[in-house]
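S.K.: Following the numbering used here, the numbering of the sequence shown begins with 140 at its first residue and continues without gaps.
Below is a structure I'd like to ask you about.
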Amino acid sequence: MALSIKDDDADRLARELAMTTGESLTTAIRKALAERLKRIPPLNQGRSLADELNEIAERCAARLNDDLRTPDEIIGYDIRGGT
């Protein structure tokens, strides 16, 4: 499978790493990517995006119940529609 690097800086860095380590370009890139993946935490740490979004929705919905005023009272409208 081919990897096409179209960014000049990325290409330069990959080649510099390969030359510095004496590895092939492929090996240098593979090792660099593997090392970076070990250092960063997993994106969702085992939870699905749907689970995370549901949790956010539940927190937001719970906050909406804190204010018992009607929408008109919140906006400030009186019985005639004015403020």
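Note that the Cβ used here is the ideal one computed from N, Cα and C, for glycine as well.
Assuming M158 is part of the alpha helix (DSSP H), what are its boundary residues?
M.R.: It spans 147-160 - the alpha helix (DSSP H) in which M158 sits, taken as one unbroken run.
S.K.: Between A157 and A149, is the Cβ-Cβ spacing less than 8 Å?
M.R.: Contact: no.
S.K.: Would you tell me roughly how many angstroms separate the C-alpha atoms of E191 and P180, rounded to the nearest one?
M.R.: C-alpha separation (whole angstroms): 16 Å.
S.K.: Determine the DSSP secondary structure at R169, reduced to helix, strand or coil.
M.R.: Helix, per DSSP.
S.K.: Would you kindly work out how many angstroms separate the C-alpha atoms of L176 and E194, rounded to a whole number?
M.R.: Computed Cα separation, rounded: 27 Å.
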